[in-house]
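Note sheet for the following structure.
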Amino acid sequence: MVNWGNAILVAVLGLATVFAVLIIIMVAIMIMAKIFAPAKKETPKKEEILNKPVKNTVSVPKKDIIVEVREDTELIAVFAAAIAASLNTSTYNLKIKSYRRLGEAKSSWQNISRKENIYTKL
Numbered sequence: 175m176v177n178w179g180n181a182i183l184v185a186v187l188g189l190a191t192v193f194a195v196l197i198i199i200m201v202a203i204m205i206m207a208k209i210f211a212p213a214k215k216e217t218p219k220k221e222e223i224l225n226k227p228v229k230n231t232v233s234v235p236k237k238d239i240i241v242e243v244r245e246d247t248e249l250i251a252v253f254a255a256a257i258a259a260s261l262n263t264s265t266y267n268l269k270i271k272s273y274r275r276l277g278e279a280k281s282s283w284q285n286i287s288r289k290e291n292i293y294t295k296l
């Protein structure tokens, strides 16, 4: 027969040993962190920073930015023709909602992923 008193005692002693070792490791890491940590530089308090006068301020004049909006009908027509040619269909069946330039792929995995994505949507 199993002596349940001894079984529970062994389980409790095992758990206590594990947690005691974990606490010892935690304390050792905290001590090592304090010993080997780089010296902290004194940082000024927030109040000192806010009350400190600002030197060498430069004012930048505001400039009007003019953005040229133009329609790229020729470019859209070329895109539509290229897509229609690759799909063997007419341009009347296509509706180009938007377009953007894709950057260079960093890896061949990205190239394959883009191509698979394009082919599954067509």
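Quick note: the sequence shown uses our numbering, first residue 175, plus one each step.
Backbone N, C-alpha and C define an ideal beta-carbon position, used for all residues, glycine too.
Distance, Cα to Cα, Ala207 vs Ser281?
40 Å
Identify, in the order they occur along the chain, each residue of the same chain with its Cβ nearer than 6 Å to the Cβ of Asn285, setting aside the five sequence neighbours on each side.
Ala279
Below 6 Å CB to CB, which residues in the same chain sit around Val195 once its five sequence neighbours on both sides are set aside?
none
As an exercise, report each continuous beta strand (DSSP E) stretch of at least 3 residues that is fully enclosed by the stretch 266-295, in chain order.
Within the stretch 266-295, no complete beta strand (DSSP E) run reaches 3 residues.
For Val176, three-class secondary structure by DSSP:
In the structure shown, the three-state DSSP call for Val176 is coil.
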